[in-house]
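Chains as they are written, first to last, in the numbering used here: chain B, 2 to 326; chain L, 2 to 326.
In this text, a Cβ means the ideal position worked out from N, Cα and C, and glycines have one as well.
Read through the structure below, which is laid out as structure tokens, and then see the notes.
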């Protein structure tokens with residue numbers, strides 16, 4: 002048997018995919034990135050995953066016989082035991098056995114997990130919540146995802162990953178959510194929800210900077226533009242974001258009252274663009290609404306690993322579940 | 002060393018306390034019940050716990066040297082590792098080390114846990130959710146408590162027990178809750194919340210049976226009277242209960258979306274008085290609001306053990322954590 006000492010992490014996203022090879026000290030020694038091209042089917046998609054993986058291995062100057070294993074984080078529900086990705090909505094793929102395909106190609110064990118779980122696990126191992134007993138992570142971007150590491154293990158649902166904090170109700174009879182319900186956190190505090198309210202504010206004249214910079218088309222109102230608008234004094238934008246952060250805090254308080262985590266991590270594109278604004282407001286709102294017994298027991302912190310969390314977490318998780326085999 | 006083969010379960014409630022001795026097949030061989038007399042302090046209270054335990058041991062015809070261990074479920078937050086009961090509001094006690102006191106008196110190991118956790122654990126071991134991977138239990142009475150057994154272990158919070166589902170928000174700007182927040186599940190669906198709405202219905206003439214039977218004093222409107230009123234056709238009462246059950250389902254759906262349990266158990270005095278009404282309505286409401294991926298993965302079931310769950314669960318938990326020592 003070859004000297005297997007490297008781990009490969011893979012972050013399969015809705016728009017890009019990223020493979021990184023890590024040495025024994027978790028230093029990146031090889032790396033490849035491709036666009037995902039969703040919508041072209043699971044088989045074509047997995048072909049691109051294989052190519053990207055191969056390129057990263059080549060770039061690292063190793064062969065796959067030197068890999069101890071691969072961890073791959075996927076954007077959708079995952080059957081972790083079987084390594085199956087279950088109809089990921091962002092990719093438009095059918096259910097597909099990712100583990101089987103990659104193990105056959107690379108002749109090393111493969112661990113498949115949800116991408117948000119991977120990011121949460123990375124923060125638990127090397128980020129903002131190292132060794133915490135119970136970590137809840139909330140990632141705010143186009144949607145809002147959540148993950149939990151409880152006593153060193155990813156919290157698992159009945160059939161797949163869980164912690165869908167984006168679909169906890171925070172407003173009775175609130176706006177219609179993509180999931181079909183009303184008033185889900187995602188329907189009031191995702192980037193899309195924020196952008197739509199800011200577009201309205203711009204239209205009404207409450208966000209002159211944003212209006213000039215992006216116009217009122219939601220597709221152009223990205224987190225960077227929102228952050229600039231806040232900085233430039235667009236009151237309408239700031240108010241919308243503060244209100245969104247308040248709702249994120251309410252949803253977190255609901256989970257805190259049920260699970261009483263030690264650390265709550267905030268990450269994702271929206272938070273990275275305006276870290277202090279989110280941290281302050283979310284933290285204040287969550288603390289205010291959490292039960293007194295749990296209130297002093299948790300800390301809200303910013304993600305430390307940012308974009309690296311997903312790919313690193315996938316590799317670390319592979320080590321965790323495959324390392325002793 | 003004596004032949005230690007019996008377990009003792011203890012259910013310390015706000016109004017009564019109950020000790021039961023179990024043989025190796027979990028048959029009850031001794032039993033004692035006392036009123037709790039809360040408000041007379043932790044020391045006096047623990048004296049009564051000791052007396053009750055002694056009586057149950059005597060009634061079983063054994064000595065404490067034959068006990069393998071004692072499990073005691075307590076109405077409040079508990080530090081399970083240290084065996085400390087933390088300022089239980091229902092008893093008006095200061096923080097007290099229950100484990101130390103009982104171990105000294107009975108010279109056997111003692112496990113201390115929250116009473117709702119004990120009930121949940123009993124349902125997991127011998128009730129309506131035997132061997133389920135993840136069980137969420139919701140007990141609806143004067144308040145609303147929750148517990149979770151995840152992969153065979155009680156889900157633990159940062160400092161104590163958790164799963165305070167009664168304090169998950171289900172109504173934005175809803176009624177003021179005892180915890181200081183607004184719109185908590187307990188503020189709209191506990192027996193007290195239901196009774197106050199039914200008293201109003203009775204006053205307005207929508208609940209003639211209830212009005213005649215109990216009048217409009219909340220203290221008299223117990224679950225039995227509410228069940229009779231529903232049976233006798235008090236539309237006002239039925240509507241209030243259906244609405245409360247709908248909110249219980251909404252809170253459950255929120256937890257389902259975060260934890261994706263396999264089984265959700267409904268218990269407590271209100272549910273026991275009107276099991277079918279609660280089961281149907283809660284189940285429909287929770288299913289409707291849960292995310293599609295989780296919707297077919299959980300079942301709502303009635304508690305099987307009723308009043309016995311707390312005391313049995315305490316003994317079973319003692320066996321689980323002390324049995325291998």
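Our contact map puts residue i next to residue j with C-beta atoms below 8 Å; I'd like the distance itself, whole angstroms only.
i                      : j                      : result
residue 179 of chain L : residue 261 of chain B : Contact flag wrong, Cβ pair sits at about 19 Å.
residue 315 of chain B : residue 73 of chain B  : 6 Å
residue 147 of chain B : residue 167 of chain B : 7 Å
residue 71 of chain B  : residue 114 of chain B : Rounded, the Cβ-Cβ distance is 11 Å, inconsistent with contact.
residue 231 of chain B : residue 222 of chain B : Their Cβ separation, rounded to whole angstroms, is 12 Å, which puts residue 231 of chain B and residue 222 of chain B out of contact at 8 Å.
residue 89 of chain L  : residue 76 of chain L  : 5 Å
residue 256 of chain B : residue 302 of chain B : Contact doesn't hold; Cβ gap of about 15 Å is too wide.
residue 20 of chain L  : residue 64 of chain L  : About 15 Å separates the two Cβ atoms, so there is no contact after all.
residue 259 of chain B : residue 150 of chain L : Not really, about 14 Å apart at Cβ, beyond 8 Å.
residue 69 of chain L  : residue 6 of chain L   : 6 Å
residue 251 of chain B : residue 284 of chain B : Residue 251 of chain B to residue 284 of chain B, Cβ: 12 Å. No contact.
residue 78 of chain B  : residue 87 of chain B  : 4 Å
Could you check if residue i is buried or exposed, using at least 16 other CB atoms within 10 Å of its CB as the buried criterion?
i                      : result
residue 143 of chain B : buried
residue 36 of chain B  : exposed
residue 177 of chain L : exposed
residue 152 of chain L : exposed
residue 66 of chain B  : exposed
residue 206 of chain B : exposed
residue 311 of chain L : buried
residue 118 of chain B : buried
residue 121 of chain B : buried
residue 45 of chain L  : exposed
residue 108 of chain L : exposed
residue 293 of chain L : exposed
residue 124 of chain L : buried
residue 59 of chain L  : exposed
residue 131 of chain L : exposed
What does residue i touch in chain B if you count any residue whose Cβ is under 7 Å from its own?
i                      : result
residue 136 of chain L : Those within 7 Å of residue 136 of chain L in chain B number zero; the least Cβ separation is about 11 Å.
residue 166 of chain L : 259
Residues of chain L with CB under 9 Å from residue i, in chain order?
i                      : result
residue 172 of chain B : 173
For the beta strand (DSSP E) containing residue i, name the first residue and the last one.
i                      : result
residue 33 of chain L  : 29-36
residue 198 of chain B : Element bounds for residue 198 of chain B: not the beta strand (DSSP E) but the alpha helix (DSSP H), 192-205.
residue 300 of chain B : 300-303
residue 138 of chain B : 135-141
residue 230 of chain L : No beta strand (DSSP E) holds residue 230 of chain L; the alpha helix (DSSP H) holding it covers 224-232.
residue 12 of chain B  : 7-13
residue 73 of chain B  : 68-75
residue 113 of chain L : 111-115
residue 149 of chain B : 145-151
Could you spell out where the alpha helix (DSSP H) holding residue i opens and where it closes?
i                      : result
residue 331 of chain L : Because chain L in this structure spans residues 2 to 326, residue 331 of chain L falls outside the shown range and cannot be described.
residue 20 of chain B  : Element bounds for residue 20 of chain B: not the alpha helix (DSSP H) but the beta strand (DSSP E), 17-23.
residue 183 of chain B : Here residue 183 of chain B belongs to no alpha helix (DSSP H), and DSSP marks it neither H nor E.
residue 272 of chain L : 270-274
residue 306 of chain B : No alpha helix (DSSP H) holds residue 306 of chain B; DSSP gives it neither H nor E.
residue 238 of chain L : 236-260
residue 99 of chain B  : 99-107
residue 214 of chain L : 209-215
residue 296 of chain B : 293-296
Chain B partners of residue i, CB-CB under 9 Å?
i                      : result
residue 299 of chain L : 159
Along chain B, which residues have their Cβ under 8 Å away from the Cβ of residue i?
i                      : result
residue 290 of chain L : 170 and 182
Could you work out which residues of chain L lie near residue i, taking near to mean beta carbons separated by less than 8 Å?
i                      : result
residue 163 of chain B : 258, 259, 260, 261 and 295
Name, going along the chain, the residues of the stretch 180-193 of chain L whose beta-carbon falls closer than 7 Å to a beta-carbon of chain B. 180 and 182
Note down, in chain order, all residues in the stretch 252-267 of chain L with a beta-carbon under 7 Å from any beta-carbon belonging to chain B. 255, 256, 258, 259, 260, 261, 262 and 263
Chain-ordered residues of the stretch 72-103 of chain L with a beta carbon less than 7 Å from chain B: 78
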